[in-house]
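Have a look at the structure below, then the notes.
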Amino acid sequence: MNRFVRAALLIIAIFVVAYVGWRIFSYVGSITGPRAGQYWLWAKGDEATRADLVTVQREACPGAPFILPADGFIGLLYADTNGPYSAASPHQGIDIFSNADPGVVPVLAAYDGYVSREDGWRSALIQRVPDDPLVPGRQIWLYYAHMADEAGNSFIEPAFPPGTSELFVERGTLLGYTGDYNGNALWDVWVHLHFSIVQDDGRGRYTNELEFANTIDPSPYLGLPVHYANGDVPMECSSDPACCD
13 MNRFVRAALL
23 IIAIFVVAYV
33 GWRIFSYVGS
43 ITGPRAGQYW
53 LWAKGDEATR
63 ADLVTVQREA
73 CPGAPFILPA
83 DGFIGLLYAD
93 TNGPYSAASP
103 HQGIDIFSNA
113 DPGVVPVLAA
123 YDGYVSREDG
133 WRSALIQRVP
143 DDPLVPGRQI
153 WLYYAHMADE
163 AGNSFIEPAF
173 PPGTSELFVE
183 RGTLLGYTGD
193 YNGNALWDVW
203 VHLHFSIVQD
213 DGRGRYTNEL
223 EFANTIDPSP
233 YLGLPVHYAN
243 GDVPMECSSD
253 PACCD
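13 is the number of the first residue of the sequence shown in the working numbering; add one for each residue after it.
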């Protein structure tokens with residue numbers, strides 16, 4: 013056998029083994045983590061079982077500035093280490109899973125701010141909040157993603173076409189609908205909204221949301237205990253939702 017063919021087959025084999033290992037690791041994490049029971053019920057439960065896991069917070073929790081931008085099961089939390097994330101690269105926001113098909117569950121603006129959509133963005137919007145309600149004088153950004161179907165057909169409202177820049181919206185404005193767009197990843201995703209709070213770069217631009225260090229714990233903004241370190245606690249309004257400094 014040609015040595016180049018052997019090398020190619022070896023690379024493919026390594027890739028397959030790594031992928032299978034990662035899937036096994038992700039599965040083990042999902043059934044052994046602090047919220048494994050809820051995660052399992054969502055994955056295997058019927059519609060009624062799922063409905064019991066759904067959080068609806070259309071009004072801001074007492075003392076919190078943001079509303080929850082979509083109804084659903086807050087399955088992957090901030091700093092979550094379940095796959096495809098890890099302790100070295102934890103989840104940068106929260107994933108709110110929908111108890112419905114793609115394109116059904118509304119996504120609402122969590123707070124007042126200026127919405128932009130970069131050219132080429134199929135499923136995502138970014139919202140600039142000039143004055144952080146919890147840290148006055150600091151600018152932050154809110155990121156909403158996966159608002160498209162698996163094929164990339166967008167569920168974002170027509171008011172926000174590609175190229176939209178700095179369009180002001182009030183809290184509660186309809187932005188789009190949850191979807192299952194996976195960005196050409198190797199794995200399928202459940203219908204959901206990914207929501208995160210992103211730091212400003214100090215020059216009026218948002219930082220790279222894919223880097224955990226550039227994001228902020230949404231817990232005090234939502235008034236909900238959405239940090240992974242909180243463990244298996246009720247997902248309801250809390251006067252002290254943040255677990256960590």
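Ideal Cβ placement from N, Cα and C applies to all residues, glycine included.
Q) How about T227 and Q211: are their beta carbons less than 8 Å apart? A) yes
Q: For N242, collect the residues of the same chain with a Cβ closer than 6 Å to its Cβ; drop the 5 residues on either side in sequence, then sort them by chain order.
A: C255
**Q.** Alpha-carbon to alpha-carbon, V119 and P246
**A.** 23 Å
Q.
With the cut-off set at 8 Å, would you say I108 and I86 are in Cβ contact?
A. yes
Q: State the Cα-Cα distance for the pair V68 and G164, rounded to the nearest angstrom.
A: 27 Å
Q.
At the level of alpha carbons, what is the spacing between A60 and Y156?
A. 27 Å
(Q) So if DSSP puts H239 in a beta bridge, which residue, or which two residues, is it bridged to? (A) Y90
Q: Let me know the secondary structure DSSP gives T190 once reduced to three states.
A: coil
Q) For the alpha helix (DSSP H) that P232 lies in, which residues bound it at each end? A) 231-234
Q | Burial state of R140 (16 or more Cβ within 10 Å) | A | buried
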